[in-house]
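Student: Numbering (the working numbering), first residue to last: 125 to 368. Don't be surprised by glycine CBs; every beta carbon is placed ideally from N, CA and C. Here it is, the structure, as structure tokens.
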Ligand code: SF4
Ligand code: SF4
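Now the structure itself:
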């Protein structure tokens with residue numbers, strides 16, 4: 125399968141990149157679901173009913189989500205699936221995540237300062253400060269540098285394309301826009317003391333980045349892997365909630 129940003133090049137607009145991402149997610153989700161299904165089917169018992177002592181069993185569809193009696197071999201399988209998903213499978217996904225994040229070091233920041241000029245959060249400044257007081261590290265870092273824009277128009281004026289895209293993504297919940305006053309003449313005036321959120325940006329390969337960000341190349345290189353990981357993680361949680 126192609127990378128889902130494969131139709132994009134450096135000049136492709138953020139909106140087109142977003143459309144590519146959406147259009148390909150369904151396909152990637154199916155791929156993830158099929159891969160998990162194969163893994164758990166590989167240890168499904170073969171014809172255990174032939175040796176079963178339970179009388180009058182009416183279960184016809186023997187899939188992983190069926191309700192089985194406690195001493196049924198398929199129930200043992202379900203429990204093995206749960207152990208597998210919470211253990212080996214989850215560890216496999218963690219390794220994939222580590223690998224994706226490790227590839228970020230092949231790229232370096234172009235110091236365009238777009239991420240200092242426009243940051244978005246689903247939390248208001250007050251909420252972020254409350255979360256910081258409760259020990260949330262990300263919020264603590266965030267409020268140590270960012271302050272809110274007075275109006276959305278002010279935020280939009282800084283990077284209209286990025287603003288529109290972020291707005292499009294969050295149609296149902298309110299979001300808040302921030303900037304860092306430590307940016308002076310497009311340079312960080314407190315570079316040595318900048319917090320981890322600045323040092324580690326971008327923290328997520330699925331995050332939509334400003335088009336000037338050099339880490340878009342990293343995003344493109346890991347896009348399929350990252351979307352597959354997200355789909356598998358979502359499916360894993362679905363299985364675990366259904367099988368408990
Ligand atoms: S502290 Fe420096 S690197 Fe971090 S957002 Fe502010 S200007 Fe940018
Ligand atoms: S947007 Fe990307 S390239 Fe620009 S300063 Fe931030 S991390 Fe660096």
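For residue 237 and residue 209, what's the separation of their Cα atoms in angstroms?
Tutor: Each residue's Cα considered, the two are about 41 Å apart.
Student: Throw me the rounded Cβ distance for the residue 233 and residue 338 pair, which I believe falls under 8 Å.
Tutor: Their Cβ separation, rounded to whole angstroms, is 6 Å, which keeps residue 233 and residue 338 in contact under 8 Å.
Student: Which class does residue 330 belong to by DSSP, given the choice of helix, strand or coil?
Tutor: Three-state result, residue 330: coil.
Student: Given residue 311, which residues of its chain have a CB within under 8 Å of its CB, disregarding the five upstream and five downstream residues?
Tutor: Hits under 8 Å: 235 and 237.
Student: Count the other CB atoms within 10 Å of the CB of residue 239; is the residue buried (16 or more) or exposed (fewer)?
Tutor: The residue is buried, with at least 16 neighbouring Cβ atoms inside 10 Å.
Student: Give the DSSP bridge partners of residue 367, in chain order.
Tutor: Its beta-bridge partners do not exist; DSSP assigns none.
Student: For the 8 Å Cβ check, are there 3 or more pairs between the stretch 213-225 and the stretch 340-353?
Tutor: Yes, since at least three Cβ pairs between the stretch 213-225 and the stretch 340-353 fall closer than 8 Å, the two stretches touch.
Student: Compare the C-alpha of residue 261 against each of 195, 321 and 216 and name the closest.
Tutor: Comparing Cα positions, the closest option is 321.
Student: Let me confirm a value: residue 315 is counted as buried when at least 16 other C-beta atoms fall within 10 Å, else exposed. Which label applies?
Tutor: Exposed, because fewer than 16 other Cβ atoms sit within 10 Å of the Cβ of residue 315.
Student: Roughly how many whole angstroms lie between the Cα atoms of residue 318 and residue 169?
Tutor: Each residue's alpha carbon lies about 55 Å from the other.
Student: Can you name the residues that DSSP bridges to residue 293?
Tutor: Answer by DSSP bridge pairing: none, since residue 293 is not bridged.
Student: Does the distance from the CB of residue 213 to the CB of residue 163 come in under 9 Å?
Tutor: Yes, Cβ-Cβ distance for residue 213 and residue 163 is below 9 Å.
Student: For the stretch 237-256 against the stretch 290-307, do three or more pairs of beta-carbon atoms, one drawn from each stretch, fall closer than 8 Å, so that the two count as touching?
Tutor: Contact between the stretch 237-256 and the stretch 290-307 is present, because at least three Cβ pairs lie under 8 Å.
Student: For residue 195, is the classification buried or exposed, using 16 other Cβ atoms within 10 angstroms of its Cβ as the cut-off for buried?
Tutor: So residue 195 ends up on the exposed side.
Student: Name all residues in chain order for which at least one heavy atom of ligand 1 lies closer than 5 Å to the residue's CB.
Tutor: Result (chain order): 240, 269, 304, 306, 307, 312, 318 and 322.
Student: Express the C-alpha separation of residue 324 and residue 253 in angstroms, rounding to a whole number.
Tutor: Each residue's Cα considered, the two are about 21 Å apart.
Student: Report whether the distance from the Cβ of residue 194 to the nearest heavy atom of ligand 2 is below 8 Å.
Tutor: Because no heavy atom of ligand 2 lies under 8 Å away, the Cβ of residue 194 does not count as near it: no.
Student: Excluding the 5 residues flanking residue 304 on each side, which residues of the same chain have their C-beta closer than 7 Å to its C-beta?
Tutor: Result list for residue 304: 240, 269 and 270, in chain order.
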